[in-house]
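Shown next, in structure tokens, is the structure this report addresses.
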Amino acid sequence: MKSSYAAVLRTPHASRTFGFALLGRLSYGTVYLSLTLALTASTGSYAQAGGLLALFGLTVSVLSPVRAALIDRHGPRRTLPPMAASYALVLAAFAVLTSRPGAPVPLLTVLAVTAGVTAPPIGVVMRTLWSALLPDGPLLRRAYSLDTVSEELVFVTGPLLAGLLAAVTAPSLGVALGAVLIAAGTAGMVTSPAAPRPRAHPRTARVRVFPLAPVVAAVATGVVLGSTGLLAVAFTQRHHQPAAVAWVEAALAVGSTLGGLAYGALSRSAPGRARLGVLACPLGLGLAAAGLAPSVAVLAAMACAAGLFVGPTLTTAYLLADADAPPGARTRAVAWVNTALNLGASGGTAATGAALDALPLPACYAVAAAPAVLVPLVLLVLPKRQRSSRPGGGGAHDRGMDDTTHQEYWDTRYSEHHHMWSGEPNAVLVQEAADLAPGTALDLGCGEGADAVWLARRGWRVTAVDISGVALERAAGHAEEAGVADRVDWQRRDLAASFPEGSYDLVSAQFLHSPADMPREEVLRAAAAAVAPGGILLVVGHAGPPPWDPDAHPGVHLPTPGEVFASLSLPEDEWEVLRSGEHERVQTAPDGRTMTRTDNALKLRRRAR
Numbered sequence: 110m111k112s113s114y115a116a117v118l119r120t121p122h123a124s125r126t127f128g129f130a131l132l133g134r135l136s137y138g139t140v141y142l143s144l145t146l147a148l149t150a151s152t153g154s155y156a157q158a159g160g161l162l163a164l165f166g167l168t169v170s171v172l173s174p175v176r177a178a179l180i181d182r183h184g185p186r187r188t189l190p191p192m193a194a195s196y197a198l199v200l201a202a203f204a205v206l207t208s209r210p211g212a213p214v215p216l217l218t219v220l221a222v223t224a225g226v227t228a229p230p231i232g233v234v235m236r237t238l239w240s241a242l243l244p245d246g247p248l249l250r251r252a253y254s255l256d257t258v259s260e261e262l263v264f265v266t267g268p269l270l271a272g273l274l275a276a277v278t279a280p281s282l283g284v285a286l287g288a289v290l291i292a293a294g295t296a297g298m299v300t301s302p303a304a305p306r307p308r309a310h311p312r313t314a315r316v317r318v319f320p321l322a323p324v325v326a327a328v329a330t331g332v333v334l335g336s337t338g339l340l341a342v343a344f345t346q347r348h349h350q351p352a353a354v355a356w357v358e359a360a361l362a363v364g365s366t367l368g369g370l371a372y373g374a375l376s377r378s379a380p381g382r383a384r385l386g387v388l389a390c391p392l393g394l395g396l397a398a399a400g401l402a403p404s405v406a407v408l409a410a411m412a413c414a415a416g417l418f419v420g421p422t423l424t425t426a427y428l429l430a431d432a433d434a435p436p437g438a439r440t441r442a443v444a445w446v447n448t449a450l451n452l453g454a455s456g457g458t459a460a461t462g463a464a465l466d467a468l469p470l471p472a473c474y475a476v477a478a479a480p481a482v483l484v485p486l487v488l489l490v491l492p493k494r495q496r497s498s499r500p501g502g503g504g505a506h507d508r509g510m511d512d513t514t515h516q517e518y519w520d521t522r523y524s525e526h527h528h529m530w531s532g533e534p535n536a537v538l539v540q541e542a543a544d545l546a547p548g549t550a551l552d553l554g555c556g557e558g559a560d561a562v563w564l565a566r567r568g569w570r571v572t573a574v575d576i577s578g579v580a581l582e583r584a585a586g587h588a589e590e591a592g593v594a595d596r597v598d599w600q601r602r603d604l605a606a607s608f609p610e611g612s613y614d615l616v617s618a619q620f621l622h623s624p625a626d627m628p629r630e631e632v633l634r635a636a637a638a639a640v641a642p643g644g645i646l647l648v649v650g651h652a653g654p655p656p657w658d659p660d661a662h663p664g665v666h667l668p669t670p671g672e673v674f675a676s677l678s679l680p681e682d683e684w685e686v687l688r689s690g691e692h693e694r695v696q697t698a699p700d701g702r703t704m705t706r707t708d709n710a711l712k713l714r715r716r717a718r
């Protein structure tokens, strides 16, 4: 386990970015208790302090998707600094006003709303940055688990720090410290190379983003977390051990930490929505059973057992929201999960308070547990969203398209990474084209240009086509560095809409997969038609998911060479099959292991007339 999480933190820029994100999150862990104590001391009223804090928390939660939309639109480097600066100034004003009694409540109300409006979503942004730092697979799931566990620990240590400052100096100092932490954490995050640089965004139709299944699970988990504290207070008071409530809360936190770390280290397959039910239901059952505990010690043990499912449930919800979202709306998708968790916690606390006045304690535990227990049933009736292409479509990426265009998807995906591919030409192309006499070549889906540059350096004149302008700009730079810029014609095209003119001695379609419903068979028929007499058509695709993540692309059909050949419907007397079969290559997994991956390869020659 240790080496797995160490591999996450060894990823370039990961430790720095994650460290600053934790620093910013510590502000939130510290500020709430500090504000509670400072507002109570300044106003002299628990009711007024509670109302101001509720207003602050509600504004933060409700507006979280709005702030996330701004980040999706303009990037964290542009949006987080002004948010953090405004929020820090508001906290500083809070610290000054609450440092002495008699602070005017109307002014405090304005500050509470302003703080809720400007609060920078550090945790949400960090979760989207993990996808830019790490590829999909076990390492990304470990990163999300580490993130979830670390955030929970921050909200354990933050109140301790706030209490210490209140005891030694004054609670307003804790509010001031929160301002410093958020400013420093945000500055460190946005200056990290992991944060995407600002870029122009074309104005397109608004993308609708609402990750329904993750939101349902997050609401249910929030209800459990929001109810547990109040239920524990009632339980320990009835057992005449009110001070023991801290041990029950700590046991839940310990269980969540252990469960989250184990889930990240042991999970070997990509999570699906069914896993949300598998994880949330035991969480609810554990809480319901805790209401029957005969003693506080047994209650603490059962809280720890239930907590084992908190971290894994939230990790899965965040992963699914990120994976299902269009690339240009991932921050918003993750923000919805975070908002659902917070609103669920607030609603759970309020509902539990009312239930405790009307129902026996075991029944209150059962009511609070019901949403989590019912998650599997709710997920069964929710509409399912198609995450991958239909059989025959050849899609091999598992991020959904929603309402974004094919071009927007790939531009955003390339922009989120410093480089997506290794920079080396594809192994089958090298093997099958090394002995061919140079001529004209067409590279379909050229990406960052490694294949086109390799061919150009061997004397070929290459037409390289891709839908992403970001990828083509990067590819042109590589060609310039290699000294072959004059031998490659870079063309931006959506192959579903247009195809390059002319005929070529070599047409190469390497891993021409897409998450959209791209007419792959029609594109490959056009590719065959573009092969000159005596020329070669080379089609290479994945034979299956990566060996380190066998469930990475559920429901995706990856055609065999025979299926590809049949779909081309070529005249038998015009073509010769030179190769049709599998090809093995060595690939480095995200966690550093060296593994063998299998691809499908079809090589055809068009007979000379």
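To convert, take the position in the sequence shown, counting from 1, and add 109; that gives my numbering.
Note that the Cβ used here is the ideal one computed from N, Cα and C, for glycine as well.
Do residue i and residue j have their C-beta atoms within less than 9 Å of each other?
i	j	result
T237	L423	no
A542	H587	no
L162	Y141	yes
A414	V482	no
A327	L450	yes
G690	A710	yes
A285	L132	no
K712	V673	no
A635	F608	yes
D431	A442	yes
L470	F344	yes
L385	V446	no
P121	P302	yes
G611	I576	no
L216	L206	yes
L581	R601	yes
List the DSSP bridge partners of residue i.
i	result
I645	L615, R714
S689	L711
Q696	M704
V407	BP columns for V407 are empty, so no partner.
V640	Y613
G650	N709
W684	R715
Go ahead and pull the three-state DSSP assignment for residue i.
i	result
V318	coil
A309	Unreliable positioning characterises A309 in this predicted model, as indicated by a pLDDT of 43, which lies under 50. The coordinate reading is nonetheless provided below. Of the three classes helix, strand and coil, the one that applies to A309 here is coil, per DSSP.
E261	helix
Q350	coil
A228	coil
G338	helix
A464	helix
A671	A small correction: the amino acid at residue 671 is Gly; Ala does not occupy that position in the sequence shown. G671 falls in the helix class under three-state DSSP.
A241	helix
E358	helix
T152	helix
S208	coil
Identify, in the order they occur along the chain, each residue of the same chain with its Cβ nearer than 7 Å to the Cβ of residue i, setting aside the five sequence neighbours on each side.
i	result
A637	L646, L677, L679
V169	G225, A228
S259	L131
G331	A449, L450, N451, L452, G453, A454, G457
A696	Checking the sequence shown, residue 696 turns out to be Gln, not Ala. Result list for Q696: M704, R706, in chain order.
Got a sec? Which residues, its chain only, sit under 8 Å from residue i by beta carbon, not counting five neighbours each side?
i	result
T149	Y155, A158
V117	A123, L243, L248, R251, A252, L255
Excluding five sequence neighbours on each side, which residues of the same chain lie with their C-beta closer than 6 Å to the C-beta of residue i?
i	result
L189	P229, T295, V299
E693	T705, T707
S365	E261, G416, V419, G420
V597	A561, A565, V571, A573, A588
A478	G393, L396, A397
F129	G294, G297, M298
S83	Past the edges of the chain, shown from 110 to 718, lies residue 83, and the structure says nothing about it.
I180	T188, T440
A389	A326, A329, T422, A481, V484
- prompt: Which ranges does the alpha helix (DSSP H) cover as unbroken runs of at least 4 residues, wholly within the region 540-616, from first to last along the chain?
  reply: 559-566, 578-591
- prompt: What are the complete alpha helix (DSSP H) segments, minimum 4 residues, inside the region 160-188?
  reply: 173-183
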